[in-house]
Amino acid sequence: MASSDYQSLKSKAFDVKLSEDKRHTFTHWLCRQITDAISARPVSEGETEYWWTIYEQGRTRSKASMPWQDAADLTSYLGTEKVDALRARIMRTVMVDPIWTVEGWGDSSKKAPFVEDFHQWQAESEGLQAFLARVIHASLVETRGVLEVYEDTTTRTVRKPIRALLAPSSVGAPFQLGPDLQPVLAKDQDGQIIEATDMDEQSGAATAETIIDTEERVRKGPGYRVLPYKSFLVLPGHAKEKADIWGYAKLFAKRWDLLQEAVKRGIYDKEAVKSLHDSNEVTSERTLAGSPEPVAQQDGDLAEKELWEVQLLHNLDGKGLRWYVATIHLPTFTLLRLKHEDQAVHRYILFVPFPRADRSHEGYSFLGHKLITTVEEHTAWRNMLADRASMEISAPIKRMTGALWDPDLQPFGPKAVIDVRDMKELEPMQLPQAMQGAIGREQEIVQASERVAGINDVALGQKPEGTQTLGEVNLVAEQSFVRMDEVIKNLQESMEDLGQVRHAIWLNCIKEYGTDGMPMPMALQQSQGEQGVPGLEGRGGQVDTATITPEMLEGTFRFKPRGSTESADKSKQRADMIQFLQALGIAMKTWPALAGIIGNNIQAAKSFVEQMLQKFNMPDKQAWVGDPMAWQMPQMPPGMPGQPPMGGAPPGMPPGMPPQLAAMMGGGQMPPQGPPQGAQGA
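Residue numbers (the numbering used here): 169 to 850.
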């Protein structure tokens, strides 16, 4: 078959035309690339397991290093404390409402409000927060975090009652009877039972109730996996910049029965899977910290095979570089599939909070590179202190040679009677006091870890020691936030990539719904923006359609991580809002025409109310801004005789606006607290 095309095997797993010789050469080349990338890893699996052991505060003191049996084995808490504090800071900054601020280019800007609201709703239904917490956690302990984003179309076989058409009879009867004298159900050319429509029933066609087994889509949209360091490779392994990377490889295990099911669906090649045999390859598992996990015996259909899935940019057909997806069984050099890559099938988003200068796809481990020396030193001193305290509390006893006392016959303890011939036969060992110096040294290590990590007591949520003034505490806390904000900025590009990939996947999924579109949730049916494009709640009239069509999401958009572009400190956000109002009052006093422009802008007023509710943690947002008609009442021209502004708003302010907000925006008095300084009488 050397001169024939491998596509002649008619397997859906191979839509790339390669001869058998070329396929064999490609498979061996790809296996060598995977093996070389494993060898080129800058950090070994043993090191990452050690870092996870430190985070879990596992046992790190070997028996050889213990001075006696049952000596102290206390791993430092500094690594766990700093990682948890930084992860919490990042998650509070990233997981805001909305996660992304969507900006459209050109005509797409009219669709941006709806796209923003749509993705916020979907991110909550997908459980994205849990996956982001896991991948950010992994990026702080390991050298990077890897989030796989793929199109997850999950189907299940379910029993469904339907009204089916009956097969017409050729002898004048209303329907056909089978050998068992039961009505025969009508079937299409694919052998599927035809479900009756309303038109069929109105025309008097013969139908019958029946129950069928059918496959239904139970989930559609983006799916996520967090990949550990040992299960992910960048190809080539020695790549320095992103431009040098031509592939990504993921290690995963798949059961034999699932492999057979994938063969039926055309995902993997039948002959390739058959050559693997059904022997089990996953005989043992290890936790991230390297601890062995029990694995039940897997045989037959439950046997698991370890496979590598590779996404690569290559020129296989001589027509230029393009993306492909290949699945490899590394031990047997077997290619299970080779397909053209769809841009919305899956992507690997790399989270690198501390980038290296020599590699763009890997960084420094916050725990394993930055804190490792302070953690290990703190561990050593904790163990020494515990051992010394144990020795001082239970000091050894000196016994003179030939003494009567035998500890095995007369155990030492409370109310024990010990026979001696001379009081000097038994004496407690006198140990010099050395605890205070060791305690001081341990405290110095804790302070050193704060300097290395940039996370002080205030950032940790702890009360600082000493007699610092409030100004000193705030100054130190602010500079600590600056160091942590740099980490968040490093993750901003990854969050932008995640937003773009999710958008491409959802656009592709909605296209598969056909002309009917995807059902729209009530939260997105409440309003629309310009030219009938649905937008944020309250921006215009009611939405005419109850479905989401591809046209609503198509366009050129940029997904800006909203939380990474502002402070995560709610008190600072509130202070910024109040300062904005003060500056706005001064501006309207200087330029009176500005008051009329702002007062007639309903969208700006509603946006401000939404931001105020979010900053002040008001839980019931719907009660304030949920009624679009309240924001669409006709405005009364300023100064109309006998028509005072509604709700106590000054002239030029939109009707129905809360008096406090209207007073602040209009520059008037702000009851009952009084006007902001410099903002009276606009």
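Every residue gets a Cβ at the ideal spot worked out from N, C-alpha and C, and that includes glycine. In this text the structure is predicted, and so the values were computed from the model without any measurement.
Taking C-beta separations shorter than 7 Å and ignoring five residues to either side along the sequence, the partners of Glu215 in its chain run Gly536, following chain order. Rounded to whole angstroms, the Cβ separation of Glu316 and Leu419 is 12 Å, and the two are not in contact under 8 Å.
Look at Lys355 here: in three-state DSSP terms it is strand. Thr311 places its beta carbon 9 Å or farther from that of Ser558. Cβ neighbours of Glu453 within its own chain (closer than 6 Å, five residues either side excluded): Glu461 and Val463.
Here the alpha carbon of Asp587 sits roughly 47 Å from the alpha carbon of Glu544.
If the five residues before and after Arg515 are omitted, its C-beta is found closer than 7 Å to the C-beta atoms of Val317 and Val669, all from its own chain and listed in chain order. When DSSP states are grouped into helix, strand and coil, His546 belongs to the helix group. For Phe400, the enclosing beta strand (DSSP E) stretches over residues Phe400 to Leu403. With a 10 Å radius around the Cβ and a threshold of 16 neighbouring Cβ atoms, Gly486 comes out exposed.
Note that the C-beta distance between Ala606 and Arg527 is not below 9 Å. Contact check between the segment 744-763 and the segment 282-301: fewer than three CB pairs, one atom from each, fall below 8 Å, which does not count as touching. The beta carbon of Gly391 sits closer than 6 Å to those of Tyr318 and Asp320, all from its chain and outside the five residues before and after it, given in chain order. Under the 10 Å beta carbon count, Gln479 is surrounded by 16 or more other beta carbons and is classified as buried.
With respect to the 9 Å criterion, Ile222 and Val655 are not classified as neighbours on the basis of their beta carbons. Counting along the chain, the unbroken beta strand (DSSP E) around Tyr416 starts and ends at Gly415 to Arg423. In this structure the segment 492-504 touches the segment 199-207; the number of beta carbon pairs closer than 8 Å is three or more. Straight through space, the alpha carbons of Val211 and Val520 are spaced by roughly 15 Å.
When the beta-carbon positions are compared, Thr378 and Ala332 come within less than 9 Å of each other. Take the alpha-carbon of Asn769 and the one of Ser775: they are about 10 Å apart. Contact between the segment 273-288 and the segment 356-365 is not established, with fewer than three Cβ pairs separated by less than 8 Å. Distance from Thr455 to Thr228 at the Cβ level is roughly 15 Å; contact not present, criterion being Cβ atoms closer than 8 Å. Per the coordinates, the alpha-carbon of Leu475 lies some 48 Å from the alpha-carbon of Leu334.
Look at Lys328 here: in three-state DSSP terms it is strand. Collapsing the DSSP output to three states places Tyr492 in a strand. Where Ile613 is concerned, the enclosing alpha helix (DSSP H) starts and stops at Met603 to Ala621. With respect to Thr715, Ser244 sits apart: the two C-beta atoms are not nearer than 9 Å. Pairing Ala763 with Arg302, the inter-Cα distance amounts to about 48 Å. Taking 9 Å as the cut-off, the Cβ atoms of Gly405 and Tyr218 do not count as close. Taking a C-beta distance under 9 Å as the contact criterion, Leu518 and His529 qualify as a contact pair. Here Lys473 is actually not in contact with Ala440; their C-beta atoms are around 11 Å apart, not less than 8 Å. The residue among Tyr416, Asp204, Thr195 and Met234 with its C-alpha nearest the C-alpha of Asn551 is Met234. In the three-state DSSP reduction, Val450 falls in the coil class, being neither helix nor strand. A direct Cα-to-Cα measurement between Met591 and Glu610 gives close to 40 Å. Secondary structure at Val394: strand, using DSSP grouped into helix, strand and coil.
In the DSSP secondary-structure assignment, Ile517 is bridged to Leu315.
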